[in-house]
Amino acid sequence: MENKRYYGIDIGGTTVKIGLVENGAVLKKWSVPTDTSNGGKNILPDIIASLPGPAAGAALAVPGAVLPDDTVNKCVNLGWGVCRPTDDFTAATGIPCRVLNDANSAALAEQRLGGGKGFESILFVALGTGVGAGVVLDGAVRVGARGSAGEIGHLCIDPEDKDAACTCGHYGCVETYASATGITRLAALAGRPGLSCKQVVDAAAAGDETLLAVVDRACDVLGRGIAGACAIIDPEAVVLGGGVAQAGEFFRRKVQAAFDKYAFHACLGTEIRLATLGSDAGMLGAALYAEG
Ligand SMILES: [Zn+2]
295 MENKRYYGID
305 IGGTTVKIGL
315 VENGAVLKKW
325 SVPTDTSNGG
335 KNILPDIIAS
345 LPGPAAGAAL
355 AVPGAVLPDD
365 TVNKCVNLGW
375 GVCRPTDDFT
385 AATGIPCRVL
395 NDANSAALAE
405 QRLGGGKGFE
415 SILFVALGTG
425 VGAGVVLDGA
435 VRVGARGSAG
445 EIGHLCIDPE
455 DKDAACTCGH
465 YGCVETYASA
475 TGITRLAALA
485 GRPGLSCKQV
495 VDAAAAGDET
505 LLAVVDRACD
515 VLGRGIAGAC
525 AIIDPEAVVL
535 GGGVAQAGEF
545 FRRKVQAAFD
555 KYAFHACLGT
565 EIRLATLGSD
575 AGMLGAALYA
585 EG
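Letter by letter, the sequence shown follows residues 295 to 586 in the numbering used here.
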């Protein structure tokens with residue numbers, strides 16, 4: 295039976311991860327390179343050419359803002375401007391298609407199948423080059439009026455910190471401290487330039503005092519940002535994903551401690567958990583979203 299099978303398609307800046315999923319189980323998964331030349335015009339045709347056959351639906355997870363009407367509001371990493379890729383996908387394949395932001399997609403997968411399993415409402419925070427986020431309330435992804443619900447990476451923590459220029463044009467956003475880029479930036483400011491984020495966190499865990507102070511600062515800012523978000527959406531749990539969160543329990547405990555320090559008293563008890571699906575989360579979430 296083909297009619298319960300859905301394609302989850304996670305379009306990253308270098309690789310597209312594709313899975314054929316049925317009832318949350320991956321039947322088959324593969325990837326194709328992301329061809330960002332020519333304004334990313336080849337990306338969809340390359341994906342479509344790799345599909346083995348029909349399916350009941352598909353969803354694209356993209357690294358950019360997605361409006362509630364399926365309009366993608368720019369994906370700089372793909373070369374895409376404002377566009378409607380779902381129309382092109384369906385016209386070429388006959389398969390109904392939806393689109394969502396990649397962090398929102400990962401949020402849905404973690405809520406249904408991963409670190410947030412058992413909860414109906416979570417805030418998912420993806421710590422990578424930047425800080426992405428997704429909100430799942432009552433089992434459904436909530437994107438907001440402009441597709442930016444939950445974007446705690448751009449909560450402004452310290453607008454006077456002129457060392458902390460953010461990609462969004464402001465200063466002192468959460469992302470400038472707590473992303474991988476932010477952590478390496480703080481390490482360089484502390485006199486330890488040229489280290490990767492993983493090197494910084496590993497050295498901190500091993501007791502390097504300078505780098506421990508760097509990680510403490512990153513986790514303090516992140517915990518404060520999460521506390522602000524929880525005062526507004528009050529999820530049952532917060533799930534930390536992305537490369538930085540692979541630092542594991544050492545990192546999670548620090549974020550939980552900072553959250554507990556800053557949270558509104560009624561939000562205390564919100565668990566900070568680690569994601570469990572790794573880099574498959576975006577693809578899995580897209581398939582779940584396609585299913586509706
Ligand atoms: Zn920002």
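The beta-carbon is built from N, C-alpha and C at its ideal position, and this holds for glycine as well. Please read these numbers as outputs of a predicted model, since none were measured by experiment.
### Query
How should D249 be labelled, buried or exposed, when 16 other C-beta atoms within 10 angstroms of its C-beta is the threshold for buried?
Nothing in the structure corresponds to residue 249, since the chain is present only between 295 and 586.
### Task
Would you mind working out which of C462, A499, A400, T478 sits nearest L489, comparing C-alpha positions?
T478
### Task
On the DSSP bridge assignment, give the partners of F553 in chain order.
In the DSSP output, where bridge partners are listed per residue, F553 has none listed.
### Query
What is the DSSP secondary structure of M295, counted as helix, strand or coil?
Because the pLDDT of M295 is 49, which lies under 50, any placement of that residue in the model is unreliable, and the number read from its coordinates should be weighed accordingly. M295: coil per DSSP, three-state reduction.
### Query
Taking the alpha helix (DSSP H) that L480 falls in, what are its first and last residues?
474-483
### Three-state class that DSSP yields for L571 in the structure shown
coil
### Query
Going by alpha carbons, who is nearest to V376 out of L407, A385, G334, S344?
G334
### Task
Give the C-beta separation of L571 and A403 to the nearest angstrom, bearing in mind that I take them to be a contact with Cβ-Cβ under 8 Å.
6 Å
### Query
CB-CB under 6 Å to V419, same chain, minus the five flanking residues each way: which ones, in chain order?
A427, L534
### Query
Which of the three DSSP states, helix, strand or coil, is assigned to E543?
helix
### Task
Please name the residue in A551, T470, Y471 whose C-alpha comes closest to that of L562.
Closest option to L562, Cα to Cα, is A551.
#### Entry: Three or more C-beta pairs below 8 Å linking the stretch 314-330 and the stretch 379-390
No, they do not touch.
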